[in-house]
Amino acid sequence: MPRGNDPGQGGPHASAGALATWFARTGRALPWRRPPAPGPGPHGWGVLVSEFMLQQTPVDRVIPAWTAWMDRWPQPTDLAADSPAEAIRAWGRLGYPRRAKRLHEASVVIVERHDGLVPDVHEHLLALPGVGEYTAGAVRAFAYGQPGLALDTNVRRVLARHDRGLPDALGSVTVEERRRAAELMPPADGEGAAWMAALMELGALVCTSRSPRCDACPIADSCAWLALGRPAGEARRRQAAYDGSDRQARGALLAVLRASDAPVTQRALDLAWPDAIQRARALDGLVADGLVVPAARGRWSLPA
DNA sequence: AAATCGTGGCC
DNA sequence: TGGCCAAGATT
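Here it is in C-alpha cells:
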C-alpha cells in the first residue's frame with residue numbers, strides 16, 4: 006500500500022511531505038506556538054488568547070500584546086478574577102475591542118464550567134463567547150493536536166489556489182471547502198494538526214494574497230493555480246471607508262475611557278469626537294456592546 | 001447573509 | 001497616496 010503523502014506521488018495527500026519539511030525548516034517560532042499536548046490543559050490558554058488577538062490583527066502587532074497579556078493573566082482564572090475594564094485596557098490598540106470583552110467573558114465560562122482549563126471539545130469551544138468555527142478548530146489543532154479544521158483566510162487561499170486553481174476563496178466558508186479540507190488532511194494521528202499549521206504558515210509567508218512567492222513554494226509542483234498561469238479573479242468587496250466612520254468614532258471614545266482610571270465626563274467624550282450625532286450613535290453602540298457603562302453623575306466608564 | 005466592528009502598515 | 005489587507009465572530 007503506497008503511503009501517498011510523498012511529493013509527486015499523486016493522491017489526496019500528495020505534497021504533504023514537502024509541506025511538512027518546509028514548515029520544519031521555515032516556520033516561525035511564534036511565542037504561542039508550542040508542541041501540542043492532549044488536553045484540556047494549561048497550555049490551551051496561550052493558544053486561545055493568541056487566536057482571539059489574531060482575529061483580523063496581524064501577527065507582528067499581536068506578539069507584544071500577547072506576551073504582556075500572558076504575563077499578567079497566565080491562566081483563565083487570573084483573567085476571570087480581574088475586571089472586563091482591565092482586559093479592555095490591556096487590549097490597547099489591537100482593534101475590535103469586543104474581542105477583549107469576549108475573551109474576558111470566555112475566561113469566566115472556562116472557570117465556571119471547565120475547571121479553569123480551556124476545553125478540547127469542539128462544541129464546548131464553540132459555546133465560548135467570541136469563539137467561532139475557525140477558533141474552535143485552531144485551539145483543538147494547535148493546543149491539543151487534534152485534527153481540527155482551522156480554515157482561516159490563509160488556509161482557504163492556499164487550498165483555493167493549490168487544489169482548485171482559483172486565485173482566492175471569497176465569501177464565507179462553504180460546506181464543500183470543509184469537506185475537501187477534511188479529505189486532504191493527513192489521517193495519521195497528530196499529523197492533521199501539523200498540516201493545518203504548515204498550510205497556514207505557507208499562506209502567511211509564501212502563498213500571500215498580494216505577491217505570492219511561488220518560486221519559494223514547497224508545493225508549487227502540484228499547484229493548480231500556478232499551472233493555469235496564476236489567473237486573476239474578481240475583486241473583493243471594498244472595505245468601508247474608515248476616516249470619519251462610526252468605527253473611528255467608537256475608537257476615539259474608547260481611547261478616552263482606556264486612558265482614565267476614573268469614570269470620565271460627558272464633556273471629555275464631547276472633546277474626543279466633534280460630530281454630536283455620530284458621537285451619540287457611537288456611544289450607544291459601545292454601551293450596547295458592554296464596552297462602556299454609565300457611571301454616577303452622568304459619567305461613563307469601562308465595565309467593572 | 002450582507003453589514004458591522006479598529007487599527008496600522010505596505011506598495 | 002489611498003486602496004488593500006490582516007490566524008473572524010456576530011447578527
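Residue numbering for the first sequence follows our numbering, starting at 6 and increasing by one per position. Note that the Cβ used here is the ideal one computed from N, Cα and C, for glycine as well.
As summarised for the stretch 52 to 122, the continuous alpha helix (DSSP H) elements at least 4 residues long and confined to that stretch are 64 to 77, 81 to 85, 89 to 96 and 103 to 118, given in chain order. For the pair of segments examined, the stretch 69 to 80 was found not to touch the stretch 143 to 156: the number of CB pairs separated by less than 8 Å stays below three. Annotation note: the stretch 199 to 258 contains no uninterrupted beta strand (DSSP E) run of length 3 or greater. Fewer than three pairs of CB atoms, one per stretch, sit closer than 8 Å, so the stretch 94 to 105 makes no contact with the stretch 114 to 121. Cα atoms of Thr179 and Asp266: separation of roughly 45 Å, rounded to the nearest angstrom.
DSSP links Pro299 through a beta bridge to Trp305. Going by beta carbons, Val261 and Ala277 fall inside the 7 Å limit. Under a 10 Å Cβ-count criterion, Thr26 is classified as exposed, with fewer than 16 other Cβ atoms of the shown protein chains found around its own Cβ.
The stretch 184 to 193 and the stretch 131 to 150 do not touch, with fewer than 3 CB-CB distances between them shorter than 8 Å. Counting C-beta atoms within 10 angstroms of its own C-beta, Val52 has 16 or more neighbours from the protein chains shown and is therefore classed as buried. The beta carbons of Ala229 and Gly170 sit about 4 Å from each other, so the pair counts as a contact at 8 Å. In the displayed model, Val126 falls within coil according to three-state DSSP, outside both helix and strand. When the beta-carbon positions are compared, Ala143 and Ala309 stay at least 7 Å from each other.
As DSSP reads the structure, Val269 sits in a beta bridge with Trp305. As the crow flies, the alpha-carbon of Gly256 is around 39 Å from that of Pro43. Taking Ala141 as the centre and dropping the five residues before and after it, the same chain places the C-beta of His127, Leu130 and Leu131 closer than 6 Å to its C-beta, in chain order.
DSSP, reduced to helix, strand and coil, places Arg161 within a helical segment of the structure shown.
Ranked by how close their Cα comes to the Cα of Pro172, the residues His109, Gly137, Arg241 and Glu181 have Arg241 in first place.
Contact annotation: Pro40 and Asp125 have beta-carbon atoms that are not nearer than 7 Å. Contact check for Ser227 against Ala19 passes: the beta carbons are separated by less than 7 Å.
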